[in-house]
Structures are given as C-alpha cells and as structure tokens.
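Contents: one structure, followed by commentary.
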Amino acid sequence: MHVVLCIRVCSHRVINMDNWYSSVELCLTLLKMGMYCRGMVRSNRAHNPRFGMFDKKQIKSVMRGSSLVSVATSLGIIAVSWLDGTVVNMLSTADATTKSYVHRRIGSETRQQECLSLVGLYNKYMQGVDRHDQLRKRFSIASGASFKHWYKKLGFALVDIAITNLYVLYTLCEPVNRRDSHMHFQTKLANQMLFETDWTCFRRPKYQWSTPTYQ
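Residue numbers for the sequence shown follow the working numbering, beginning at -5 and rising by one.
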C-alpha cells in the first residue's frame, strides 16, 4: 500500500498484483483513490465471497476451465474462482465478466482453455514480472544466506535486481547475446569484477593526521 501511495490519485491506472498483496479491502480502497486493480487472492483472506469459490469436494466433479463468478455491483468489484488444474481465485475492479480463452499445455498438447477475460489480461501483464523473478532467483545472492539483520538481506536483494536488469539489457543490446546462457553471463560478470576491474579507485582516501602540538 505504501508503494501505491506514490502513484498519483485518480490516475485511473490498472494495478496487477499477486496473491501476496491482494484483498477485497485493498481493491476497494484503491477504487476510492481512482485506481483499478486485478490480481490473484488467497482463499483465506478476509471478506472473500467463500460461497463463490471452489472447494476440495467440487474440484473432483467440475470440468477444467469452469468458473464461479461473484459480482458486487454496488461496490464495483468481481470475484472469480477458476479451475485450471488447481483452483485460481481472483479479484478485479477493472474488468467485466466477459469470456475469453487462454492456451494451456496439457501433457504434450496445447489446448484452448475457456476463462474470463481478466485471467488473460492478468497473465499478459504479470508475465514480465514473473519472468524477472525467475531470472533473479536462479542465481540469487540474497537467497543463498541468512542474516541476523533484515537490511543486509534487503541490500543483497537489491544487488540481485541490479544484476538481473543488467542481464536483460545484455540480451536486448545484441541479438547474438540472446543465445548466451544465463550461467555463462554470470560467470563472465564474476570474472570481470574479480580480475578485470581496478577496485583501488573505489577505496576511501586515507587521511594523515598531523601530531597535535601543545602551546
């Protein structure tokens, strides 16, 4: 919520979020601020319409691609429970209940799966974020160790983000680099930093203090 406060109020932007952040209360608060949102939601979050969510007993008897839709017209929010292998619960204040299709790989085949339009839009706009997280976690420094103080782990996480952004730029600058493996890029970067970079210029200057004289 603190990050959202940096966005201009009544900008009518659509914020896509994962289930770590989203809730009915947050969606309605953003709507009052003039911002729309869509995202996955955990089934145990407060104020969820549990009557409109698939439970474990229903999964066995319902076909894949089925949806349960709950609409609060007065509040301007919809809740969707979609069955796609597992149950996917979503909230949205930016979408209608129009139907659409997504492509899903089932075994060795790619099939067209029926869903609501908000599912396809969520996948479209969150794909880049998920891909960035995947690249960041692959060679993460922050995940490789535990620290007593939380800010140390945060510092290494920022380094992970910087290295991931560097890899993305590396693949975009030259088409040839796209064939270069991620591991080779990490090895190349480490060798340059260890053996080809002059770190002496980054050292703090040593100040020589003169011996005090007493008068």
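Glycine included, C-beta positions come from ideal geometry on N, C-alpha and C.
Because the structure is a prediction, the values reported are computed rather than measured.
Quick one: is S86 buried, meaning 16 or more other Cβ sit within 10 Å of its Cβ, or exposed? buried
Could you check which residue in G149, I135, R32 has the C-alpha nearest to that of A90? R32
From this set, E103, I100, G70, V56, which residue's C-alpha is nearest V81's C-alpha? V56
Grab the span of the beta strand (DSSP E) containing L85 for me, first residue to last. 80 to 86
For the beta strand (DSSP E) holding Y95, just list the boundary residues, first then last. 93 to 100
Looking at the secondary structure, which residues open and close the alpha helix (DSSP H) in which A156 lies? 144 to 167
Please confirm if the stretch 128 to 136 is in contact with the stretch 145 to 157, defined as three or more CB-CB distances below 8 Å between the two stretches. yes
Can you look up R197 in the DSSP assignment and give me helix, strand or coil? DSSP places R197 outside both helix and strand once states are collapsed to three, so it counts as coil.
E108: first and last residue of the uninterrupted beta strand (DSSP E) it sits in: 103 to 110
Report buried or exposed for R105, applying the criterion of at least 16 other Cβ atoms within 10 angstroms of its Cβ. exposed
Unbroken beta strand (DSSP E) run spanning I9, endpoints: Where I9 is concerned, the enclosing beta strand (DSSP E) stretches over 8 to 11.
Close beta carbons around C109, own chain, < 8 Å, minus the five adjacent residues each side: Here the set comprises G59, S61, W76, D78, K93, S94, Y95, V96.
Beta-carbon separation of N13 and V123 under 9 Å? no
For R197 and L24, the rounded distance between their alpha carbons: 47 Å
Pop quiz: P43 and S17 are said to be a contact at Cβ under 8 Å. What is the actual Cβ separation, rounded to whole angstroms? The C-beta distance from P43 to S17 rounds to 13 Å, too long to fall under 8 Å, and the pair is not in contact.
Within 10 Å of its beta-carbon, does L69 have 16 or more other beta-carbons around it, so buried, or fewer, so exposed? exposed
Which value, in whole angstroms, describes the spacing of the CA atoms of H176 and R39? 38 Å
From Q52, I72, G28, D49, pick the residue whose C-alpha is nearest to that of H41; which is it? Its Cα nearest to that of H41, the residue I72 stands out among Q52, I72, G28, D49.
Report buried or exposed for F48, applying the criterion of at least 16 other Cβ atoms within 10 angstroms of its Cβ. buried
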